[in-house]
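Note that my numbering has the sequence shown beginning at 31, numbered continuously upward.
Using N, Cα and C, we set each Cβ at its ideal position, and we do this for glycine too.
Read the structure below first, then the notes.
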Amino acid sequence: MAEIGVHARGLPGLPEDHARIPVWNSENWYFEDFAIGDKIRSIRRTIAEGESMMFNSLVMDHHPYVSDELFARDEGVFGRRLVAGAFVFSLGLGLAATNCLNSFSYGYDRLRFIKPVFIGDTIYTIRENLSKEVHNETMGKLRVSYSVCKGEGELVLYAEHLLTALYRDPAPFLDEARAKMAAKATAKG
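Given below as structure tokens:
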């Protein structure tokens, strides 16, 4: 995988000696730097009750399975409160997210909540580069998977993230990009 956290990137208003210092977790990866099959694993993170309830309140998710201890324990299928799936998704992706300054989210596919996650569970994420293709004259499109696991490797969530990334050198991709864009224009009529 491309090196993380070793690229200096200046910002307006920074002293020159500060601008030469690499910015932590702010990568300069380009489309060409993403290698299919590369994987990273995040650190682990335990989900606390307070943050789970704060998330529920922020997004107005007060389903009894996520916010009513008595219901979840006495009447619920799992016998205890769940962490909202949207929160597991957010945490799981955040754990393995990088701040690549040259890539942009395009959407998500294949989001699946495979197993329940409960208050107090510890999760981690494995991110894998699945595929890449020419998208247009300035950017390629990537497909990256996020496998969120709890405990000792139990898969609880899977999603594929589509993102675009700028080309370092667009020239090698121009012919394919133009052909692809012309085919899209023809298909639209």
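In the DSSP assignment, find the beta strand (DSSP E) that holds residue i and state where it starts and stops.
i, result
"GLU105", "From DSSP, GLU105 is part of no beta strand (DSSP E); its letter is neither H nor E."
"SER97", "Note, SER97: premise wrong, no beta strand (DSSP E); alpha helix (DSSP H) at 94 to 97."
Please say whether residue j and residue i have beta carbons closer to each other than 8 Å?
i, j, result
"ASN129", "ASN58", "no"
"PRO146", "PHE101", "no"
"ALA201", "GLY170", "no"
"SER135", "LEU193", "yes"
"ARG140", "ALA213", "no"
"THR152", "THR76", "yes"
"ARG142", "LEU160", "no"
"VAL89", "ALA116", "yes"
"TYR176", "ARG198", "no"
"ILE149", "ARG103", "no"
"LEU204", "VAL118", "no"
Classify residue i as buried or exposed, calling it buried when 16 or more other Cβ atoms lie within 10 Å of its own Cβ.
i, result
"ASN155", "One detail in the question is off: residue 155 reads as Thr in this sequence, not Asn. Result: buried."
"ALA78", "exposed"
"SER87", "exposed"
"ALA207", "buried"
"GLY122", "buried"
"LYS180", "buried"
"ALA114", "buried"
"LEU41", "exposed"
"HIS125", "Per the sequence shown, the amino acid found at residue 125 is Leu instead of His. With 16 or more other Cβ atoms within 10 Å, it is buried."
Starting from residue i, trace the alpha helix (DSSP H) both ways and give me its first and last residue.
i, result
"PHE119", "115 to 126"
"ARG74", "Run containing ARG74: none; DSSP gives neither H nor E here."
"ASP47", "46 to 49"
Which residue or residues does DSSP assign as beta-bridge partners of residue i?
i, result
"ALA195", "SER133 and GLY170"
"THR216", "Its beta-bridge partners do not exist; DSSP assigns none."
"PHE143", "LEU187"
Give a yes or no on whether 8 Å exceeds the smallest Cβ distance from residue i to chain D.
i, result
"HIS93", "As a matter of chain content, chain D is missing from the structure shown, which is built from one protein chain."
| task | Write down every uninterrupted run of the beta strand (DSSP E) in the region 156 to 188 whose length is 3 residues or greater and which is fully enclosed by it, in chain order. | result | Residue ranges of uninterrupted beta strand (DSSP E) with 3 or more members, entirely inside the region 156 to 188 and ordered along the chain, are 169 to 180.
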